[in-house]
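S.K.:
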Amino acid sequence: MKVPFNDLSRIHNPIKNNVLSKFSKVIDKNDFILNNDVNTFEKNFSKYTNQKYSISCANGTDAIELILRGLGIGKNDEVIVPVNTYIATSFAVDNVGAKPVFVDNDQYYLINIEKIKEKINKNTKAIIGVNLYGQMCNVKELKKLCKDYNLYFIEDAAQAHGATQSSLNIGDNSIAASYSFYPGKNLGAWGDGGIVTTNSYSLYKKLFKIRNFGSEIKYYHEMKGVNTKLQPIQAILLNEKLKYIDQWNNERRGIAETYLDAFDGIKKLKLPKKYFSNTHVWHLFVIEVANRNKFIAHCKDNNIETGIHYPYPIIKQKAYKDHFQNKEVFEESFSQYYKLVTLPVFPKMQKKEVTHVINTVKNYFK
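Residue numbering for the sequence shown follows my numbering, beginning at 17 and increasing consecutively.
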């Protein structure tokens with residue numbers, strides 16, 4: 017049996033005709049830029065995330081950049097980010113002219129709050145907490161830390177659509193949150209897309225202008241801005257998929273819990289931990305295996321696709337070769353990077369596929 021890492025066709029096929037039918041009307045109207053479909057999706061996403069305002073854009077990286085620009089963060093400023101994240105998080109900081117300052121992660125693969133204070137200085141303006149692999153970081157503590165040091169707290173929620181912590185939604189404790197709609201995300205587009213949520217009206221008004229050349233009224237530009245817009249076809253699709261996101265997250269959760277139960281007790285396999293009161297949405301099910309290449313080869317021999325998130329850590333990327341000249345050591349990240357393997361977890365994954373993954377993993381550790 018072949019088990020794909022993900023199969024988007026299983027969730028797209030049932031809704032495809034309806035989405036294309038709606039988009040054909042957009043084509044007939046020649047209404048392609050920030051149309052009513054985009055506005056409707058922004059309103060619906062605000063309702064779903066329980067945030068007052070949403071500003072869509074072209075991708076998740078742009079979403080982070082918009083927040084930073086809206087907060088006036090730029091040259092000579094520093095922004096603290098976790099070293100264990102997709103590189104888009106730090107690139108967004110670079111792209112506005114600021115400097116990303118990296119912090120090691122904890123046992124949950126999230127930013128280690130205990131190690132943040134030593135990185136704060138007079139140039140620090142914000143902390144980006146990445147809600148990685150499907151669960152939220154410690155937003156209460158990060159909010160408190162930012163308040164103590166007069167910093168902005170920003171959430172990167174690209175991998176956590178629908179995640180909660182106790183009674184808190186993403187964005188409740190931060191000035192703003194960014195999301196990605198890259199195709200493989202829990203809520204993904206047929207291409208790319210992004211969005212910012214916030215409860216700050218003043219920030220919303222700034223971002224509304226910045227994303228469209230600094231303009232609210234065509235040909236009148238109140239500030240410098242960029243060109244980053246969500247396309248109507250993506251808005252129509254995302255509006256349709258938003259109806260099913262909770263169902264799909266529950267399916268992910270069920271598969272992950274089945275894995276956790278099945279693999280419990282395997283000493284040479286380190287399982288992911290859920291951070292205390294988090295409602296995990298399991299964008300990725302990441303495990304640690306000592307001999308990763310051998311394990312991946314075993315899965316491949318059994319027709320199971322796996323992933324690595326991430327195979328080349330930021331501190332090893334050529335793009336940052338000059339950034340780490342002081343040879344800073346990120347102990348937790350270093351101990352994890354070369355062991356991480358991601359197992360398939362996706363909506364409409366069949367029970368027999370889950371069973372095949374479980375049996376294959378168990379056979380490896382016999």
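Glycine included, each C-beta is placed from N, C-alpha and C at the ideal position.
Distance, Cα to Cα, residue 38 vs residue 138?
M.R.: 51 Å
S.K.: Go through the region 293 to 320 residue by residue and report every complete run of the alpha helix (DSSP H) that reaches 4 residues or more, in order.
M.R.: 308 to 317
S.K.: Count Cβ pairs between the region 116 to 127 and the region 288 to 305 that sit closer than 8 Å; are there 3 or more?
M.R.: yes
S.K.: If distances are taken between C-alpha atoms only, which option among 222, 339, 329 comes closest to residue 355?
M.R.: 329
S.K.: Out of 345, 348, 349, 206, state which residue places its alpha-carbon closest to the alpha-carbon of residue 36.
M.R.: 206
S.K.: Just the C-alpha distance for residue 332 and residue 218, rounded to the nearest angstrom, thanks.
M.R.: 39 Å
S.K.: Going by C-alpha to C-alpha distance, which of 180, 161, 174 sits closest to residue 131?
M.R.: Taking only the C-alpha atoms, the option nearest residue 131 is 161.
S.K.: Would you kindly report the start and end of the unbroken alpha helix (DSSP H) that includes residue 262?
M.R.: 261 to 279
S.K.: Need the endpoints of the alpha helix (DSSP H) that residue 149 sits in, please.
M.R.: From DSSP, residue 149 is part of no alpha helix (DSSP H); its letter is neither H nor E.
S.K.: Let me know the alpha helix (DSSP H) ranges lying completely inside the region 17 to 58, each 4 residues or longer, listed in chain order.
M.R.: Fully enclosed alpha helix (DSSP H) runs of 4 or longer: 25 to 45.
S.K.: Should the region 217 to 237 be called in touch with the region 169 to 179, which here means at least 3 C-beta pairs below 8 Å?
M.R.: no
S.K.: Apart from the five residues just before and just after residue 262, which ones in its own chain have a Cβ nearer than 8 Å to its Cβ?
M.R.: 178
S.K.: Please report the Cβ distance between residue 80 and residue 105, rounded to the nearest whole angstrom; I am assuming they are in contact, meaning their Cβ atoms lie under 8 Å.
M.R.: 7 Å
S.K.: So residue 71 and residue 211 are supposed to be a Cβ contact under 8 Å. How far apart are they, rounded?
M.R.: 7 Å
S.K.: For residue 143, which of helix, strand or coil comes out of DSSP?
M.R.: strand
S.K.: Identify every residue that forms a DSSP beta bridge with residue 286.
M.R.: Looking at the DSSP output, residue 286 bridges to 304.
S.K.: Which residues bound the beta strand (DSSP E) around residue 434?
M.R.: This structure gives no information on residue 434, because the portion of the chain shown stretches from 17 to 382.
S.K.: Can you list, in chain order, the residues of its chain with a C-beta nearer than 7 Å to that of residue 271? Leave out the 5 residues immediately preceding and following it.
M.R.: 361, 365, 370
S.K.: Among residues of its own chain, excluding the 5 on either side of residue 115, which ones have a beta-carbon nearer than 6 Å to its beta-carbon?
M.R.: 94
S.K.: Since I believe residue 170 is in contact with residue 83 (beta carbons under 8 Å), could you give me their beta-carbon distance rounded to a whole number of angstroms?
M.R.: Rounded, the Cβ-Cβ distance is 6 Å, consistent with contact.
S.K.: Go ahead and pull the three-state DSSP assignment for residue 62.
M.R.: DSSP places residue 62 in the helix class (H, G or I) of the three-state scheme.
S.K.: Using the DSSP secondary-structure output, state which residues sit across from residue 125 in a beta bridge.
M.R.: Note: residue 125 sits in no beta bridge, so no partner.
S.K.: Express the C-alpha separation of residue 52 and residue 303 in angstroms, rounding to a whole number.
M.R.: So the two alpha carbons sit approximately 42 Å from each other.
S.K.: What do you reckon, are the CB atoms on residue 319 and residue 63 nearer than 9 Å?
M.R.: no
S.K.: Please identify the residue among 301, 85, 308, 165 whose C-alpha is closest to the C-alpha of residue 284.
M.R.: 308
S.K.: Please look up how many angstroms separate the CB atoms of residue 323 and residue 358, rounded, as I've assumed it's under 8 Å.
M.R.: 4 Å
S.K.: Exposed or buried, residue 166, counting other C-beta atoms within 10 Å across all chains shown (16 or more means buried)?
M.R.: In this structure residue 166 is exposed. Its beta-carbon is surrounded by fewer than 16 other beta-carbon atoms within 10 angstroms.
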